[in-house]
Amino acid sequence: MRGLVIFLLVAGVLFWAGKDFLKKKLDGLTLETLASGSPEAAAQDRVKKILEGLKKDGDGNSLAFQAAICQWDSALDAIQDQGEFEQAYDHFSDWRDEFDINHRKISGYEITKVELVQESPPVAMVSGTIEGRQFKMRVPDKRRISWVQG
189 MRGLVIFLLV AGVLFWAGKD FLKKKLDGLT LETLASGSPE AAAQDRVKKI
239 LEGLKKDGDG NSLAFQAAIC QWDSALDAIQ DQGEFEQAYD HFSDWRDEFD
289 INHRKISGYE ITKVELVQES PPVAMVSGTI EGRQFKMRVP DKRRISWVQG
């Protein structure tokens with residue numbers, strides 16, 4: 189039993205060390221990106237998580253809404269620091285105001301195109317529609333998403 193505990197501890201340390209190595213040495217290529225198969229797939233998955241959260245809850249305290257904020261801010265499922273989360277919430281509200289989707293649920297969306305525009309660190313452009321209106325988002329790996337005008 190003691191050997192199993194030691195093995196699990198060593199495996200955990202190696203996992204986290206490997207994750208940090210990938211993040212630092214491969215210039216933003218993270219385990220999440222590798223798990224998705226490509227930076228384009230990771231960006232599409234991230235936007236989908238955000239829009240699904242806004243479809244379930246447009247302005248509340250649900251886990252889906254909070255996860256949407258965290259995904260938009262830094263591609264995390266949760267932000268642990270309360271002050272950091274509140275700052276992300278404020279900026280997320282401003283971002284939604286820019287597309288007139290603040291303080292309400294969205295009724296639907298479709299992602300139609302994902303294009304990698306920068307390889308290192310990965311940045312993708314994700315296009316589609318929200319409630320029938322065209323959108324284009326700049327999706328940098330692990331950083332805030334922004335709307336692209338025009």
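Residues 189 to 338, numbered by our numbering, are exactly what the sequence shown covers, in order.
Cβ coordinates follow ideal geometry from the N, Cα and C atoms, glycine included.
Inter-residue Cα distance where the pair is residue i and residue j
i	j	result
Gly246	Phe253	7 Å
Gly320	Gly338	16 Å
Pro227	His279	24 Å
Gln268	Ala276	12 Å
Lys243	Asn290	12 Å
Ala312	Ile194	41 Å
Asn249	Gln270	14 Å
Ala255	Glu286	20 Å
Arg190	Ala266	33 Å
Arg284	Val336	13 Å
Ser262	Ser281	15 Å
Short Cβ contact (8 Å threshold) for residue i with residue j
i	j	result
Asp329	Pro309	yes
Arg326	Ser334	yes
Residue i - DSSP class collapsed to helix/strand/coil
i	result
Glu155	One cannot answer for residue 155 here, as it falls past the ends of the chain, which runs 189 to 338.
Pro320	A small correction: the amino acid at residue 320 is Gly; Pro does not occupy that position in the sequence shown. The answer is coil: DSSP assigns Gly320 none of H, G, I, E or B.
Arg331	coil
Ile194	helix
Ala263	coil
Arg234	helix
Ser281	helix
Ile179	Nothing about residue 179 can be reported from this structure: the residues present for the chain run from 189 to 338 only.
Lys301	strand
Which listed residue (the options) has its alpha carbon closest to that of residue i
i	options	result
Trp260	Glu272, Ser250 and Lys237	Lys237
Leu264	Arg331, Thr317, Val311 and Glu303	Arg331
Phe273	Ser281, Ile257, Asp285 and Asp282	Ile257
Phe323	Gly191, Arg190 and Leu239	Leu239
Ile294	Leu304, Ile194, Thr317 and Val311	Thr317
Gly241	Leu304, Gly225 and Arg292	Arg292
Residue i Cβ short of 7 Å to the ligand ZN heavy atom set
i	result
Gln270	In terms of ligand content, the structure shown is empty, and the ligand ZN therefore cannot be addressed.
Could you say if the stretch 291-302 and the stretch 227-244 meet the contact criterion of at least three C-beta pairs nearer than 8 Å?
yes
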